[in-house]
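Sequences listed follow chains P and Z, in order. Here the first sequence is numbered in this note's numbering, starting from 27 and rising by one per residue. Here the second sequence is numbered in this note's numbering, starting from 27 and rising by one per residue. Since the structure comes first, as structure tokens, the remarks are kept for the end.
Number of protein chains: 2
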Amino acid sequence: MLSEFDLIHRYFSGWESYSDGVLLGVGDDCALLKPAAGTVLAVSTDTMVAGVHFFADTAAAIIGYRALAVSVSDLAAMGAAPMAFTLSLTLPNADEIWLEAFSRGLRLAAAAFGISLVGGDTTRGPLTIGVQVIGTNPSGESLTRRGAKPEQLICVSGSLGDAGAGLRQADSLMDRSRLSLEMLRQAPDSLLARFLCPTPRLALGQLLRHYASACIDISDGLVADLAHIMKASGVAAIVESDRLPLSAALRQFNPPDITRLALAAGDDYELCFTIAASRWQALQADENFIRLSASVPVTVVGKVVAGSGVVVTGVTNAQGDCLQGDCLQGECLAPVTGYQHFAPGDINDPDQ
Amino acid sequence: MLSEFDLIHRYFSGWESYSDGVLLGVGDDCALLKPAAGTVLAVSTDTMVAGVHFFADTAAAIIGYRALAVSVSDLAAMGAAPMAFTLSLTLPNADEIWLEAFSRGLRLAAAAFGISLVGGDTTRGPLTIGVQVIGTNPSGESLTRRGAKPEQLICVSGSLGDAGAGLRQADSLMDRSRLSLEMLRQAPDSLLARFLCPTPRLALGQLLRHYASACIDISDGLVADLAHIMKASGVAAIVESDRLPLSAALRQFNPPDITRLALAAGDDYELCFTIAASRWQALQADENFIRLSASVPVTVVGKVVAGSGVVVTGVTNAQGDCLQGDCLQGECLAPVTGYQHFAPGDINDPDQ
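This is the structure we're talking about:
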């Protein structure tokens, strides 16, 4: 059995720095970071429990890659640039083959997203992965969930529902330990890759600092996550289900509840943001956006109105997608019923 | 069962800020922090598993208080001022009485140490507490484990072995759930309090930035933690066991292995640092130090020499404290035997 010190030393120290500003990395009581002048820090923590948040028998390289990807997605949602992360790894035992693969996947993700591992600890127990990310934003330019206003557009990046379908594919696999991170990364649009190695929308998030009024990453499903923006902003959303961006891979897989997957399955780690119509025009003319959207398109899926909650139009029982019943979680239902309580627009709101 | 959102909202949101620079706290994808200009960040993470790192049946307020105290101690060891922390709470179930008490203890600690809760998550599973702390240091003034040089003195704050004895007392208690955080905090020198609600030496750590050459907090025991300084600095330590500071409470408890507790039991969260003799003179004349040391004395326990490892003098078999056998953990033994390999001093070392 390797001791904690041996473990950290063998698998998690001596990595190169993938970001600026790391003065002292793994190995002291604290890491030391020097963010660039004029920046503020964005800080988030995520805990992923085997059997709850991921399949414990997935190839360890994929588990490592995905753990960092989904954590970094919180930075993308704030428009932040990744800087550093710490790792809290709880393991039932020190399986060196598992650790080597996990460490390799984690490091690939760190290199891909430009974020440096600067500390962590290992403990004995049921497999659990905690990742704490730190990013930086130019002062005054962070995106938050507050700021959506009536008449603004609701947009999402990429496509929705892929990861939900990918979860089903992964769930039905006989041997998830044989999946290869490298193969998945070579087919990033496959449903399995969309679930197992998602891509945080970092470049888009940073660009949106200058355009969007509010932003979130879609981890729990469009309806649930959009509801967070609506609640924080004190407004309501109308989502048109026939505008939901569905990928070719998802259409080919053609699940019977395809719309429901796009609305509520989660795990896509796309960005959902609100934007004034004039800013949307400007964004579409931005050269950086034109370049980005060639690979990651952005789709208008609805609009912000006065009131509270999230309403989805165009979903019928005939599709098996009733949103008024038990088919969405409690988190989503309450806002949907809130539709009837729309209040008149706030006359003090300058956007009205 | 409360949902994650309910839990966070009810027990961990809406706290006041106990530090400067928190722009956005709990409730978005990330917290936003603005450290003061000219500072660097100190970042650390700790995971504490019930049954491994603490007694699960301890009063929840004490568990919350202690979890933050031991994490903040890592900031003290770097000379950093606390700023913000995030919490990763894994719970077997949402016991509201437990959560209320845990939250109360955590908040008392946050107020005591001047650190703001800015985020976190809750997951279902075996009781595990992850705390990630962020502090700030004036640029270029951080204490690390690197910097100890031959001929420097080795000092420790407070007294050693108390928490080890307190652990024994706690271990033998019939009902740890009836312990009161408030009572322990009113008797901070009691052995139980030293184990269950330790005090991170924040003010001393910040003062030592101007004096010490290397520093660590004693979580795993003096010998083990001092060995980290020695390894990082490339030097060796001689500790004189008859100089170890023992408290009145520990002497009264009078465990048969009192010296071993002071050397190796850990959990005291005192600071151990190295300092040049001339700087030690200057420190003792510093008004801030005179004031601090009235309540938390600092004791010279040994000196740095060329070589590697940690040697303890004055410990005999007659005391039942043999340090060459199995009575210390493997972490400590190797360095002790390393004593024979002392090399001549480095002639390029300006302190020689």
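The beta carbon of each residue, even a glycine, is placed where N, CA and C say it ideally should be.
Closer than 7 Å by C-beta to residue i: which residues in its own chain qualify, once you throw out the five before and the five after it? Chain order, please.
| i | result |
| --- | --- |
| PHE221/Z | ALA189, GLY192, LEU193, ALA196 and ASP293 |
| PHE299/P | CYS181, LEU234, ALA238, ALA240 and CYS241 |
| PHE80/P | MET74, ILE89 and ARG92 |
| THR325/P | CYS181, VAL182, ARG269 and PRO271 |
| SER45/P | PRO108, MET109, ALA110, GLY140, ILE141 and SER142 |
| THR388/Z | Past the edges of chain Z, shown from 27 to 378, lies residue 388/Z, and the structure says nothing about it. |
Could you check whether residue j and residue i sit closer than 8 Å to each other, using their CB atoms as the reference points?
| i | j | result |
| --- | --- | --- |
| ALA137/Z | VAL48/Z | no |
| ARG235/Z | GLY105/Z | yes |
| ALA86/Z | ALA127/Z | yes |
| THR73/Z | ASP83/P | no |
| VAL78/P | ILE160/P | no |
| SER142/P | SER43/P | yes |
| GLY90/Z | SER129/Z | yes |
| GLY187/Z | ILE316/Z | no |
| THR71/P | THR112/Z | yes |
| ASP215/P | ALA275/P | yes |
| ALA120/Z | LEU33/Z | yes |
| LEU230/Z | LEU153/Z | no |
| GLN232/P | GLN158/Z | no |
Can you tell me which residues form a DSSP beta bridge with residue i?
| i | result |
| --- | --- |
| GLN158/Z | THR71/Z and THR112/Z |
| GLY335/Z | ALA262/Z |
| LYS329/P | LEU179/P and ILE264/P |
| ASP147/P | SER114/P |
| PHE315/P | Partner(s): none; PHE315/P has no beta bridge. |
| ILE301/Z | LEU179/Z |
| PHE80/Z | ALA76/Z |
| THR65/Z | PRO164/Z |
| ALA240/Z | THR300/Z |
| SER142/P | ALA110/P |
| LEU50/Z | LEU58/Z |
| VAL324/P | SER183/P |
For residue i, which residues of its own chain have a beta-carbon under 8 Å away from its beta-carbon, when the five flanking residues on both sides are left out?
| i | result |
| --- | --- |
| PRO61/Z | GLY47, LEU67, MET109 and THR162 |
| ASP268/Z | GLY340 |
| SER168/P | VAL66, ALA68, MET104, GLY105, ALA106 and ARG235 |
| LEU179/P | THR300, ILE301, ALA302, ALA303, TRP306, VAL326, GLY328, LYS329 and VAL330 |
| LEU210/Z | ILE88, SER216, LEU218, ALA219, LEU222 and CYS223 |
| ARG202/P | PHE81, ASP83, THR84, ALA85 and ALA196 |
Can you give me the Cβ contacts of residue i inside the same chain, cut-off strictly under 6 Å, excluding the 5 residues immediately before and after it?
| i | result |
| --- | --- |
| VAL265/P | VAL327, GLY328 and VAL338 |
| LEU228/P | ALA102 |
| ARG36/Z | none |
| ALA139/Z | Note on residue identity: the sequence assigns Phe, not Ala, to residue 139/Z. VAL98 and PRO108, listed in sequence order. |
| GLY184/P | GLU296 and VAL322 |
| ILE244/P | ASP251, ASP294, GLU296 and CYS298 |
| ASP100/P | SER70 |
| ALA57/P | LEU50, GLY51, VAL144 and GLY145 |
Determine the direct distance from the alpha carbon of residue j to that of residue i, and round the result to whole angstroms.
| i | j | result |
| --- | --- | --- |
| LEU289/P | GLY247/P | 6 Å |
| SER206/Z | ILE88/Z | 7 Å |
| LEU354/P | TRP124/P | Here the model assigns LEU354/P a pLDDT of 38, short of 50, so the residue's position is not dependable and the matter cannot be decided. |
| GLN278/Z | ARG286/Z | 16 Å |
| LYS175/Z | ALA311/Z | 22 Å |
| PRO224/P | PRO271/Z | 54 Å |
| ILE255/Z | VAL249/Z | 10 Å |
| ARG204/P | GLY151/P | 24 Å |
| LEU59/P | ALA219/P | 33 Å |
| SER29/P | SER304/P | 58 Å |
| THR116/P | GLN212/P | 30 Å |
| LYS257/Z | SER273/Z | 29 Å |
| ALA320/Z | GLU313/Z | 11 Å |
| ARG172/P | GLY166/P | 14 Å |
| PRO118/P | SER114/Z | 19 Å |
| PRO281/Z | LEU217/Z | 12 Å |
| ALA291/P | PRO226/Z | 44 Å |
| ARG133/P | GLY53/P | 17 Å |
Measuring only between beta-carbons, confirm whether residue i sits less than 8 Å from chain A.
| i | result |
| --- | --- |
| LEU101/P | Going by chain labels, chain A is absent from the structure shown, which instead holds the protein chains P and Z. |
Original post:
Got a sec: which bits of the segment 170-185 of chain Z sit with their beta carbon under 9 Å from any beta carbon on chain P, in order along the chain?
Top reply: THR170, ARG171 and ARG172
Original post:
Just by C-beta distance, which residues in the segment 58-71 of chain P are closer than 8 Å to chain Z?
Top reply: LEU58, LEU59, LYS60, PRO61, ALA63, VAL66, LEU67, ALA68, VAL69, SER70 and THR71
Original post:
Along the segment 137-155 of chain P, what residues have a CB closer than 9 Å to any CB found in chain Z?
Top reply: VAL144, GLY145, GLY146, ASP147, THR148, THR149, ARG150, GLY151, PRO152 and THR154
Original post:
Residues in the segment 35-59 of chain P with C-beta within 8 Å of chain Z's C-beta atoms, listed in sequence order?
Top reply: LEU49, LEU50, GLY53, ASP54, ASP55, CYS56, ALA57, LEU58 and LEU59
Original post:
Got a sec: which bits of the segment 236-247 of chain P sit with their beta carbon under 7 Å from any beta carbon on chain Z, in order along the chain?
Top reply: ILE242 and ASP243
Original post:
What residues in the segment 253-267 of chain P bring their beta carbon closer than 9 Å to a beta carbon of chain Z?
Top reply: HIS254 and ALA258
Original post:
Of the residues that make up the segment 197-216 of chain Z, which ones have a beta carbon closer than 7 Å to any beta carbon in chain P?
Top reply: none
Subject >> Within 9 Å of chain Z by C-beta, residues of the segment 313-340 of chain P in sequence order >> reply: none
**OP:** With 8 Å as the C-beta to C-beta threshold (strictly closer), list the residues of the segment 108-135 of chain Z near chain P in chain order.
**Re:** ALA110, THR112, LEU113, SER114 and THR116
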